[in-house]
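Mapped onto the working numbering, the consecutive letters of the sequence shown carry residue numbers 4 to 122.
We put the CB at the ideal spot given by N, CA and C, even for glycine.
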Amino acid sequence: MMQLQNTAITFRQVCQSKHPGVTDVDASTVSKGIFAETREFKCYLSCLLDIMQLARKGKINYEKASNQLQTMLPDDLKQDALLALAACKDVAREIRDHCEASLMLVRCFYENNPHFVFP
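So this is what it looks like as structure tokens:
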């Protein structure tokens with residue numbers, strides 16, 4: 004779990020450097036289901052989904068995302084994450100703006116995973 008936390012910190016730092024308007028508070032409250040409604044924050048989420056290889060520009064490649072979750076998550080978090088991925092795979096399909104789509108995806112993951120964690 005420590006390796007996952009260290010990786011998450013690195014991912015967060017990379018995406019916050021690309022989106023400097025996202026505060027540490029904004030970034031740290033995602034796991035609690037609190038989402039800033041700014042464009043910068045939504046694009047920060049898109050950056051994280053891209054860097055984690057869960058989505059690309061707000062669109063999920065289900066097979067790739069599933070494999071990625073199986074690889075990077077500890078066993079006790081995998082099942083809930085995979086169920087959330089299945090529930091959310093099409094939630095943003097019609098959204099053209101990748102930042103908006105990313106917010107919809109992350110919000111859906113939160114709502115469908117009782118053990119949701121996010122960098």
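Report all residues from its chain with a CB closer than 7 angstroms to the CB of I98; omit the five preceding and five following residues, and keep chain order. Excluding positions up to five away in sequence, the list reads G61, A104 and M107.
From this set, Q19, S31, Y65 and T32, which residue's C-alpha is nearest A90's C-alpha? Y65
Neighbour-count burial assignment, N9, 16 or more Cβ in a 10 Å radius: exposed
For K1, write down the residues that DSSP places opposite it in a beta bridge. Nothing can be reported for residue 1, as the shown portion of the chain is limited to 4 through 122.
Would you kindly check if the distance between the Cβ of C46 and the Cβ of C111 is under 7 angstroms? no
Do H22 and L80 come within 7 angstroms of each other at the CB atom, strictly closer than that value? Not closer than 7 angstroms, so no.
Cα separation between V17 and V25? 12 angstroms
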